[in-house]
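The structure under discussion appears below in the form of structure tokens.
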Amino acid sequence: NAGVTQTPKFQVLKTGQSMTLQCAQDMNHNSMYWYRQDPGMGLRLIYYSASEGTTDKGEVPNGYNVSRLNKREFSLRLESAAPSQTSVYFCASSEGTANTEAFFGQGTRLTVV
Amino acid sequence: GQQLNQSPQSMFIQEGEDVSMNCTSSSIFNTWLWYKQDPGEGPVLLIALYKAGELTSNGRLTAQFGITRKDSFLNISASIPSDVGIYFCAGLFETSYDKVIFGPGTSLSVIP
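Taken in order, these protein sequences are the chains called R and L.
Under the numbering used here, the letters of the first sequence match residues 1 to 113, in that order.
Under the numbering used here, the letters of the second sequence match residues 1001 to 1112, in that order.
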């Protein structure tokens, strides 16, 4: 059972470079999320997709874009990476509304130099 | 914006000891979620609480939804080495996805 799969696991970017973080879930969940985790700050929501075809901003969307490619896949794009985007990024999915269990991927550790 | 405080920030305990941690807010929540994150992994849900005063157990873990709806508590009994990790609380007032607030986490280390 794969659950939520994120790629890559590690990435180093130079300032100004772009990249896309990939996420796929095999649980037929409607909702998907992207979070970033920084030391001492818990998880902060970047973007979410309540259902296929919809995306909405979370708490910290600036500098990011997302695409809900289909029900399984939700990608996060950094158009012009900045050192402030150095973080661990987690993709998650859930079957229903936000007060139900969210299943998380293993994370992508991104460093922008 | 809304914030959750978790205490303690970190704790080092002897294997076999009981653990208590809490999560507090100045805001009222309708749902409290407790997650655990193992090193190098994503968080995994431990317990969900949906009603003020609710006490729910999951094995050696017990969590309570505070009566004021502004706090929640997690207890771990007879700790074992695999309890090591970061414990996050999350509060939610509505069912909107952007309304889930995560605390900064409590880091637990268990000394064998």
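We treat Cβ as the ideally placed atom computed from N, Cα and C, and that holds for glycine.
Closest residue to L:V1084 among L:N1005, L:Q1003 and L:Q1014 (Cα-Cα distance): L:Q1014
Nearest neighbour of R:E79, chosen from R:G3, R:Q11 and R:Q17 [CA to CA]: For the residues R:G3, R:Q11 and R:Q17, the minimum Cα distance to R:E79 belongs to R:Q17.
Exposure of L:G994, with buried meaning 16 or more beta-carbon neighbours within 10 Å: Residue 994 of chain L is absent from the model: chain L starts at 1001 and stops at 1112.
Within-8 Å CB hit, L:L1045 to chain R: Yes, contact with chain R.
Nearest neighbour of R:E52, chosen from R:G3, R:S84, R:G40 and R:E73 [CA to CA]: R:E73
Rounded C-alpha distance that separates R:P61 from R:C23: R:P61 and R:C23: Cα-Cα distance of roughly 17 Å.
Proximity of R:S31 and R:S94 at Cβ, strictly below 8 Å: yes
Integer Cβ distance of L:T1161 from L:Y1050, believed to fall under 8 Å: Given a span of 1001 to 1112 for chain L in the structure shown, any question on residue 1161 of chain L remains unanswerable.
Distance CB(L:G1105)-CB(R:G107) smaller than 8 Å: no
Selection from R:A92, R:V88 and R:T111 that minimises the alpha carbon distance to L:P1039: R:V88
Test item: CB-CB of R:M41 and R:G3 under 8 Å: no
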